[in-house]
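**Student:** Okay, handing you the structure first.
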Amino acid sequence: MNPNDDRRKFAVVVAPYLADAHAFARWLMHDRADAEDVVQEACIRAFRALPRFSGPNARAWLLTIVRNTAFTLLREKKAAALVGLDELNESDRFTVERGNEVDAAGSPEAALIAAADAAKLEASIAALPAEFREVLVLRDIQGLEYREIAGITGSPVGTVMSRLARARHKLIVRMKQESC
Amino acid sequence: MPLSDDHDVHLIHAYLDGELDVMAALAVERKIAADPDLRKLADEIAALKKVLAEKFPPEPIPPRLRSRIEATFALETRQRMPNWAKIAASILVVAALSSTLTGIALRTTAPQEIVVAELFDAHLRSLMAAQPTDVASSDQHRVKPWFNGRITQSPRVVDLAAQGFELIGGRVDVVGRTPLSTLVYRRREHVISLTELSGRDQLDLPFDWRAENGFNMIRWSDRERSYVAISDLNVNELETFAKVFRGSAS
């Protein structure tokens, strides 16, 4: 394949999903400049890997590369946010997965949740542990299916489901607290 | 969460995410109806999903980052473009950056859909190339003989300049392993790819159109041949194109 063919394939396979890649990187990285660096670097990695890509899901493929690139950069930056669940001991892990919030007493309306403002929501999402945040973002903001998310994050679908449930639960609890 | 076991809770999430089959979904609906706690949970999750989707709609990639990436990957192809191709390229960049990928999305479906998907890809590729034709000519008597020896059929070539569709040339698109003739027309700054199918790839649809990622596609069949026209032209004008092509004498 000559370089021109590679560029064409890049335009057809990768370019349609650059906005997805950027949105995902923004949620993973917090910092705007870092997110752009991640997308740029992910594009270079994707370009190199193009000859090995045979489809069918280019978006999930690109997002996997974005995730790996982001985590590499985060590791380099020794980001505290990236403590793997496996590195936690059993009771910490339980806390992380179950949350240690006491369910707010009373019954706040779902309407309160629906009225949440974007800045507070964004802060709440950003405060989620990375493993929960990526699953929530991929599902509820980027609209991917469970099995696609499982592929991107390299986890079983069951894990995706439990993390998604926990992530949403944490957000709901936090929004109820804020509205009290 | 003191509600019920994790399994039920996960199923409610999956139900609201449209991940369950019909039977499982019905079972979840029954559970929700029977249990006020589950009902409340489902309402809250649904409200959260809704607010997330509303507050964080898809955003375009920042122009600065897009330029940076284009500079990395597309610089050399851009410098050698003739003038008119820049117009096509701008259309393409919009299409490529804002759309999902038709071809790949369609590839899991029927063989005819694969043909159409490949033709979409061919149309996109042609817009990206220095020129969308392998033979550039507005003369139907030059374009038609050019296909001799390149494909097995002699395609129908007509000049529709009088009707506002200028013939600018032709090219061979390979779909599956079959080379097919594609005529390229232009209306204003819009490029139209018209591919002729016959034999095995013959479509059984009399007439049909659809829109994909800002491109319109019309396909129709005559007695022996089928045609697929793809363009970013609006659907009314593309339909007009199809009509005058069908009605013209070669």
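From first to last, the protein sequence lines stand for chains A and B.
Residue numbers for the first sequence follow our numbering, beginning at -4 and rising by one.
Residue numbers for the second sequence follow our numbering, beginning at 4 and rising by one.
Virtual Cβ for every residue (Gly too), placed ideally from N, Cα, C.
Note that the coordinates shown come from a computational prediction; the quantities given were computed from them, not determined experimentally.
1. Taking 9 Å as the threshold (beta carbon to beta carbon), is P85 (chain B) in contact with chain A?
2. Mapping the DSSP letters down to three states, classify G50 (chain A) as helix, strand or coil.
3. Comparing alpha-carbon positions, which option in A:R169, A:D135, A:V130 and A:L166 lies nearest S157 (chain A)?
4. Could you tell me which chain B residues have their CB closer than 8 Å to the CB of S150 (chain A), listed as they occur along the chain?
5. Beta carbons nearer than 8 Å to chain A: which residues of the segment 10 to 28 of chain B have them?
6. Please state whether the Cβ-Cβ distance between A14 (chain A) and P63 (chain B) is less than 9 Å.
7. Would you list, in sequence order, the uninterrupted beta strand (DSSP E) runs of no fewer than 3 residues that lie entirely inside the segment 112 to 148 of chain B?
8. Could you tell me which residues DSSP pairs with I39 (chain A) in its beta bridges?
9. Excluding the 5 residues flanking V187 (chain B) on each side, which residues of the same chain have their C-beta closer than 8 Å to its C-beta?
10. With a threshold of 7 Å on Cβ separation, who are the neighbours of A17 (chain B) within its own chain once the five nearest residues in sequence on each side are excluded?
11. Ordered along the chain, which non-local residues of its own chain (more than five positions away) have a Cβ less than 6 Å from that of A49 (chain B)?
12. For F59 (chain B) and R134 (chain A), what's the separation of their Cα atoms in angstroms?
13. If the cut-off is 8 Å on Cβ atoms, which residues from the segment 22 to 56 of chain A count as contacting chain B, listed in chain order?
14. Which of the three DSSP states, helix, strand or coil, is assigned to A99 (chain A)?
15. Label L241 (chain B) either buried or exposed according to how many other C-beta atoms from any shown protein chain fall within 10 Å of its C-beta, with 16 as the threshold for buried.
16. Determine which residues of the segment 44 to 63 of chain B have a Cβ less than 8 Å from any Cβ of chain A, and write them out in chain order.
17. Does the segment 0 to 17 of chain A come close enough to the segment 30 to 45 of chain A to have 3 or more Cβ pairs within less than 8 Å?
18. With 9 Å as the threshold, decide whether the Cβ of D124 (chain B) is near any Cβ in chain A.
19. Answer yes or no: do Y12 (chain A) and A65 (chain A) have a C-beta to C-beta separation smaller than 9 Å?
20. Which two residues bound the contiguous beta strand (DSSP E) that contains F218 (chain B)?
21. Within 10 angstroms of its Cβ, does H126 (chain B) collect 16 or more other Cβ (buried), or is it exposed?
22. In chain B, what lies closer than 9 Å to R128 (chain A) by C-beta?
23. With burial defined as no fewer than 16 other Cβ atoms inside 10 Å of the residue's Cβ, what is the status of L69 (chain A): buried or exposed?
24. Thinking C-alpha only, which one of A:G50, A:A160 and A:I120 is nearest V9 (chain A)?
25. Could you check what DSSP says for N239 (chain B) in three-state terms: helix, strand or coil?
26. Which runs of the alpha helix (DSSP H) fall wholly inside the segment 27 to 62 of chain B and span at least 4 residues, in chain order?
27. What residues are listed by DSSP as bridge partners for Y188 (chain B)?
28. Could you work out which residue in B:L122, B:L51 and B:D11 is closest to A37 (chain B) when comparing CA atoms only?
29. So what's P66 (chain B) in DSSP terms, helix, strand or just coil?
30. By the criterion of Cβ-Cβ separation under 7 Å, what are the contact partners of L133 (chain A) in chain B?
31. If you measure from the beta carbon of E79 (chain B) to each beta carbon in chain A, is any gap under 9 Å?
32. Could you name the residues of the segment 161 to 195 of chain B whose beta carbon sits closer than 7 Å to any beta carbon of chain A, in the order they occur along the chain?
33. Does D176 (chain B) pass the burial test, meaning 16 or more other C-beta atoms within 10 Å, or should it be called exposed?
34. Taking the continuous beta strand (DSSP E) assigned at V231 (chain B), which residues delimit it?
35. Taking the alpha carbon of A120 (chain B) as the reference point, which residue from B:A214, B:L41, B:R191 and B:S141 has its own alpha carbon closest?
**Tutor:** The answer reads as follows:
1. Here residue 85 (chain B) refers to the residue found at position 82 of the second sequence. Bear in mind that the predicted position of P85 (chain B) carries a pLDDT of just 47, short of 50, making it unreliable; the figure below should be weighed with that in mind. Not an interface residue.
2. Numbered from its first residue, the first sequence carries residue 50 (chain A) at position 55. G50 (chain A): coil per DSSP, three-state reduction.
3. Your numbering for residue 157 (chain A) matches position 162 in the first sequence. Taking only the C-alpha atoms, the option nearest S157 (chain A) is A:V130.
4. Along the first sequence, read from residue 1 onward, the residue named residue 150 (chain A) stands at position 155. The contacting residues do not exist; S150 (chain A) stays about 14 Å from chain B at best.
5. V12, H13, H16, A17, D20 and E22
6. Taking the first sequence and counting its residues from 1, one reaches residue 14 (chain A) at position 19. Taking the second sequence and counting its residues from 1, one reaches residue 63 (chain B) at position 60. Yes, the pair counts as a contact, with Cβ atoms nearer than the cut-off.
7. none
8. Here residue 39 (chain A) is taken as the residue at index 44 of the first sequence, counted from 1. Its beta-bridge partners do not exist; DSSP assigns none.
9. Translated into positions along the second sequence, residue 187 (chain B) becomes position 184. Here the set comprises S129, P135, T136, L170, I171, G172, G173, R174, V194, I195, S196 and L197.
10. Counted from its first residue, the second sequence places residue 17 (chain B) at position 14. L23, listed in sequence order.
11. For the purposes of this step, residue 49 (chain B) is identified with residue 46 of the second sequence, where counting begins at 1. Hits under 6 Å: L19.
12. As a first step, residue 59 (chain B) must be located in the second sequence, where it is residue number 56. As a first step, residue 134 (chain A) must be located in the first sequence, where it is residue number 139. So the alpha carbons of these two residues sit roughly 12 Å apart.
13. E31, V34, Q35, C38, I39, F42, G50, P51, N52, A53 and R54
14. Position 104 of the first sequence holds residue 99 (chain A). Low confidence applies here, because A99 (chain A) scores a pLDDT of 36, under 50, leaving its location unreliable; read the following figure in that light. A99 (chain A): coil per DSSP, three-state reduction.
15. Your numbering for residue 241 (chain B) matches position 238 in the second sequence. L241 (chain B) comes out buried.
16. D46, E47, I48, A49, A50, L51, K52, K53, V54, L55, A56, K58, F59, P61, E62 and P63
17. yes
18. Here residue 124 (chain B) corresponds to residue number 121 of the second sequence, with the count starting at 1. At least one chain A Cβ lies under 9 Å of D124 (chain B).
19. Mapped onto the first sequence, residue 12 (chain A) falls at position 17. Mapped onto the first sequence, residue 65 (chain A) falls at position 70. No, these two residues do not count as a Cβ contact at 9 Å.
20. Here residue 218 (chain B) is taken as the residue at index 215 of the second sequence, counted from 1. Element bounds for F218 (chain B): F218 to S224.
21. Mapped onto the second sequence, residue 126 (chain B) falls at position 123. Under this definition H126 (chain B) is a buried residue.
22. Counting from one through the first sequence, the residue named residue 128 (chain A) turns up at place 133. None at all; the shortest Cβ gap to chain B is about 12 Å.
23. Locating residue 69 (chain A) in the first sequence gives position 74, counting from the first residue. Looking at its Cβ environment, which holds 16 or more other Cβ atoms inside 10 Å, L69 (chain A) is buried.
24. To locate residue 9 (chain A), count along the first sequence from 1; it is residue 14. The shortest Cα separation from V9 (chain A) among A:G50, A:A160 and A:I120 belongs to A:G50.
25. Counting from 1 along the second sequence, the entry for residue 239 (chain B) is found at position 236. Note: N239 (chain B) maps to helix in three-state DSSP.
26. 39 to 58
27. Translated into positions along the second sequence, residue 188 (chain B) becomes position 185. Answer is B:L170 and B:I195.
28. One-based indexing of the second sequence puts residue 37 (chain B) at position 34. Comparing Cα positions, the closest option is B:D11.
29. For the purposes of this step, residue 66 (chain B) is identified with residue 63 of the second sequence, where counting begins at 1. It is helical.
30. In the first sequence, counting from the first residue as 1, residue 133 (chain A) sits at position 138. Neighbours of L133 (chain A) on chain B: none; closest Cβ ~12 Å, over 7 Å.
31. As a first step, residue 79 (chain B) must be located in the second sequence, where it is residue number 76. Summary for E79 (chain B): the model assigns pLDDT 35, below 50, so the residue's position carries little reliability; its value from the coordinates is reported in the next sentence. By this cut-off, E79 (chain B) is an interface position.
32. none
33. Here the question's residue 176 (chain B) lines up with position 173 in the second sequence. Buried.
34. For the purposes of this step, residue 231 (chain B) is taken as the residue at position 228 of the second sequence. It spans R228 to S234 - the beta strand (DSSP E) in which V231 (chain B) sits, taken as one unbroken run.
35. Sequence index remark: in the second sequence, residue 120 (chain B) carries index 117 (1-based). Nearest C-alpha to A120 (chain B): B:A214.
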